[in-house]
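The structure is reproduced here in structure tokens:
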């Protein structure tokens, strides 16, 4: 099970009634944050979530509305008396950006590791979270992220018995660890006790970007897709192209192809005072679309 | 006349119901901000003030809760289509800190000047604002600021007539500009048309600091003193000493000596959930004390 909270839904600048776009996920006690604009630490408190739990901070790109809250958040995490490592990941350049911003947060009571995801796409395992990243199409290097929770195949007791597997190896085999009997030298493999592969949970998060092939390649069949819908007003499609963002209609057109179970739009332009007004029309393009609000929450479970 | 708004009253970190300590002043169309922690730009919007008007940003010191909002604020000022210069002033080191933080705000549509106040104390004129600065006693170099609006002496028409001053020089002399008649070579000085000196407006702002001699030297007889009262709970005086802050009682003891017309406390510890509970007792020490709230406003006029 993974708990997901979209802390804010704003783009460009925080407003009095709209925090900047940032995603908080928690699974098995470990917290993962994507993006951290100014005031994200307030949004975390407002959503009754804990800065202490954050182990991973993924940054999409270095525009201020996606990273300006980082030094303050790190200090607040420190103030929560966390002692364990926080890993910050982002596109090429993240090390320099974090170093620069930490001029006002030089001393922290926990270790910080900064990881540059310097390939165009790739995968990295962060504890329970399997992360996929891929380049988007923005004014600067910008990464989209998938969070994937793998699900183990079902443990089949009868299969284990039929295969004469000693009970003492069942637990390890169930968790994909191969075993060898110290005395007899007989090897046991996970497939001897497990059933078919099972679908895990997949969440895609991509902002800021124009529609591009990588979105179609990487974000199919998710349980939840969170993506930008910077402009609801269709008159703004020229702005969307100029500033390398997406309209809400474009986001829904993508979803028609990638088929997410849930589609949350976010990263609204400050000029979009009531983004909810577009929802009804957008549902005609993709019925599962939601104009997400600050603090939007969902729990996703294996089905 | 100067309009003053204490945008926030928090110390250390922004809370869901308390912005970080920052002061916004406006006089004759020009805005001056002291300190700019995370989310100060939201506090400005919440107080119905304009980021566009900000011409000067004074930073007391480089702890994150006093400067982390700077890159976001600069970008928001840019977004307001300001084209005129913004001057940022602060202690020695401000140039390096601003340069580092601007890694996420490298391009702005208005000029930025950064001024290091690298003496222990001094004065600088910023348009209508006369600024005095002085070192406080904190864990790092930290400056207290006075904002002074000078008041011209009264123009005495009868004195001008008695002194045979040609009318064409009256306006210049009234504004302290010496004049010389091109033909006769006769010199006219402002004292020939002006009355006695008149008291201007004085505002003192000092946080974060232990009580120190410089506070007594620089902050006497203000119209408004805004200073930290980090801890209301008297059990926390050890913490105040350890972390180089002041208790509310210490702030009031100082005021007994410096005699401000108004005393606003601010920069409350996040642990002080209801700082207002201390006001009644503090008034016994200094009757004009106020436990300021976010968005506290006052207009100060020449009297």
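Chains as they are written, first to last, in the working numbering: chain A, 1 to 303; chain B, 304 to 606. The beta-carbon is built from N, C-alpha and C at its ideal position, and this holds for glycine as well.
- For residue 103 of chain A, the nearest beta carbon of chain B is closer than 8 angstroms to its own beta carbon.
- One finds nothing in chain A with a Cβ atom closer than 9 angstroms to the Cβ of residue 470 of chain B; even the nearest lies about 52 angstroms away.
- Between residue 498 of chain B and residue 452 of chain B, the C-beta spacing is not below 8 angstroms.
- Selection B/586, B/443 and B/379 evaluated against residue 565 of chain B yields B/586 as nearest (Cα-Cα).
- Under the DSSP assignment, residue 203 of chain A falls in the beta strand (DSSP E) whose first and last residues are 198 to 206.
- Interface criterion not met: the Cβ of residue 443 of chain B is under 8 angstroms from no Cβ in chain A.
- Flagged as an interface residue toward chain B: residue 69 of chain A, by a C-beta distance shorter than 8 angstroms.
- Listed by position along chain A, the residues whose Cβ is nearer than 7 angstroms to that of residue 314 of chain B form an empty set, because the closest Cβ is around 12 angstroms away.
- Take residue 228 of chain A, set aside five residues on each side of it, and the residues of its chain with a beta-carbon closer than 8 angstroms to its own are 11, 21, 206, 207, 208, 209, 245, 246, 251, 265, 266 and 267, in chain order.
- According to DSSP, residue pairing for residue 476 of chain B in a beta bridge does not occur.
- Burial state of residue 525 of chain B is buried, judged by a 10 Å Cβ sphere holding 16 or more other Cβ atoms.
- Residue 31 of chain A carries a strand assignment under DSSP once its states are collapsed to helix, strand and coil.
- For a Cβ distance threshold of 9 angstroms, residue set 402, 403, 404, 405, 406 and 407 of chain B lies close to residue 100 of chain A, ordered along the chain.
- Residue 433 of chain B is bridged by DSSP to B/428 and B/451.
- Taken atom to atom, the span from the alpha-carbon of residue 600 of chain B to that of residue 88 of chain A is near 40 angstroms.
- For residue 470 of chain B, the number of other beta carbons within 10 angstroms of its own is below 16, and it is reported as exposed.
- Within chain A, the residues whose beta carbon sits less than 9 angstroms from that of residue 318 of chain B are 42 and 45, listed in sequence order.
- Distance from the Cα of residue 242 of chain A is smallest, within the candidate group A/178, A/191, A/138 and A/281, for A/138.
- Here residue 175 of chain A is exposed: its Cβ has fewer than 16 other Cβ atoms, across all protein chains shown, within 10 Å.
- Judged by pairs of C-beta atoms under 8 angstroms, the region 119 to 136 of chain A touches the region 209 to 218 of chain A, as three or more such pairs exist.
- Cβ-Cβ distances below 6 angstroms link residue 527 of chain B to 506 and 565 in the same chain, with the five nearest sequence neighbours on each side left out; the list follows chain order.
- With a cutoff of 8 angstroms on beta-carbon distance, residue 286 of chain A and residue 255 of chain A are scored as near each other.
- Using beta-carbon distances, residue 75 of chain A counts as an interface residue toward chain B, with a partner under 8 angstroms.
- Distance check between residue 438 of chain B and each of B/309, B/412, B/394 and B/466 places B/394 closest, using alpha-carbon atoms only.
- The straight-line gap separating the alpha-carbon atoms of residue 165 of chain A and residue 151 of chain A is approximately 22 angstroms.
- Approximately 6 angstroms separates the beta-carbon atoms of residue 1 of chain A and residue 299 of chain A; this is inside 8 angstroms, confirming the contact.
- Assignment of residue 405 of chain B by DSSP, reduced to helix, strand and coil, places it in the helix class.
- Residues 255, 260, 261, 262 and 263 of the same chain have their beta carbon placed closer than 8 angstroms to that of residue 288 of chain A, with the five preceding and five following residues left out of the count.
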